[in-house]
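Residue numbers (this note's numbering): 1311 to 1592.
The C-beta atom is built at its ideal place from N, Cα and C for all residues, glycine as well.
Inspection log for the structure reproduced underneath, given as structure tokens.
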């Protein structure tokens, strides 16, 4: 079976490049689809406290006949739990629901600038890592100014920033900043969210030339950029198809053609990190 390549963090640990996410997956469904994803080849599972399905993911983890160190599990602190003490309590809830003693990667889900608690939250993550409860710590949806602040105040750079990234929203400037700091770029919503990427003539033409579907092309493009990529589907056939994107190799010309589709911030489908401080989000 094909296996996902690993991307190495600046802390020396590594993460499978292709992951399976459970955003918008109901708790009662999570155990089944996570099991299907692992059977399809996924070893990287991405959840969050705010998805309200960590318990379901935990049930799948208990059922799997796979060594713990062969799985990579990510979760995130929701906006409503930001702040040092709240984060510590939220983390304990996450670990109880997942049934884990140690988490591979813990992220701050959003910078939520209006709350002003991201730095306190980051300090809690640093403490949990020092306690040996978390192997690596990172962030999600952070802007350059947010990344600069946590580094300036703590001297510790996140290993990864999970951001919305698809052909219409390339986020090139932010990705270049990540590269300058050895921060891994992780893409959520890599297929867009109904914005037309899957029907774009550039994408469909490339898909036809390889005999694959448009979704596999967009995943292969993101992987070719060197990003960690989070897929999401509850359909068994699509879960298998998404993992098979690892077998697709695009030419440099095809990669450049897809990257040229970038439309900038106007193509953002999810919440804007400048403003978002609510309870949902990818």
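Can you list, in chain order, the residues of its chain with a C-beta nearer than 8 Å to that of residue i? Leave out the 5 residues immediately preceding and following it.
| i | result |
| --- | --- |
| residue 1453 | 1421, 1484, 1583, 1584 |
| residue 1382 | 1325, 1326, 1329, 1353, 1354, 1355, 1414, 1415 |
| residue 1312 | 1351, 1553, 1554, 1556, 1557 |
What does the Cβ neighbour count give for residue i, buried or exposed, with the cut at 16 atoms within 10 Å?
| i | result |
| --- | --- |
| residue 1468 | buried |
| residue 1400 | buried |
| residue 1499 | buried |
| residue 1326 | buried |
| residue 1388 | buried |
| residue 1561 | exposed |
| residue 1434 | buried |
| residue 1490 | exposed |
| residue 1588 | exposed |
| residue 1456 | buried |
| residue 1441 | exposed |
| residue 1511 | exposed |
| residue 1507 | buried |
| residue 1543 | buried |
| residue 1418 | buried |
| residue 1412 | exposed |
What does a CB cutoff of less than 6 Å around residue i pick up in its chain, not counting 5 residues either side in sequence?
| i | result |
| --- | --- |
| residue 1521 | none |
| residue 1461 | 1467 |
| residue 1525 | 1501 |
Excluding the 5 residues preceding and the 5 following residue i in the sequence, name in chain order all residues of the same chain whose CB lies nearer than 7 Å to its CB.
| i | result |
| --- | --- |
| residue 1529 | 1500, 1539, 1541, 1552, 1555 |
| residue 1564 | 1516 |
Restricting to Cα atoms, I'd like to know which of the options is closest to residue i.
| i | options | result |
| --- | --- | --- |
| residue 1337 | 1359, 1318, 1526 | 1359 |
| residue 1447 | 1385, 1456, 1581 | 1385 |
| residue 1532 | 1324, 1328, 1581 | 1328 |
| residue 1516 | 1465, 1404, 1568 | 1568 |
| residue 1546 | 1581, 1343, 1330, 1440 | 1343 |
| residue 1436 | 1549, 1406, 1393 | 1393 |
| residue 1332 | 1374, 1363, 1314, 1450 | 1363 |
| residue 1428 | 1465, 1558, 1449, 1473 | 1449 |
| residue 1493 | 1472, 1477, 1476, 1513 | 1472 |
Is the Cβ of residue i closer than 8 Å to any Cβ of chain B?
| i | result |
| --- | --- |
| residue 1375 | The structure shown contains no chain B; it is built from a single protein chain. |
Across the stretch 1497-1514 and the stretch 1344-1351, are there enough close Cβ pairs to call them in contact, namely three or more that are closer than 8 Å?
Between the stretch 1497-1514 and the stretch 1344-1351 there are fewer than three inter-stretch CB-CB distances shorter than 8 Å, so the stretches are not counted as touching.
I'd like the ranges of any alpha helix (DSSP H) spanning at least 4 consecutive residues and lying wholly in the stretch 1478-1534.
Counting only runs of 4 or more residues that sit fully inside the stretch 1478-1534, the alpha helix (DSSP H) segments are 1482-1490, 1511-1520, 1524-1534, in chain order.
The stretch 1561-1577 in contact with the stretch 1473-1491 per 3-pair CB rule at 8 Å
Yes, the stretch 1561-1577 touches the stretch 1473-1491.
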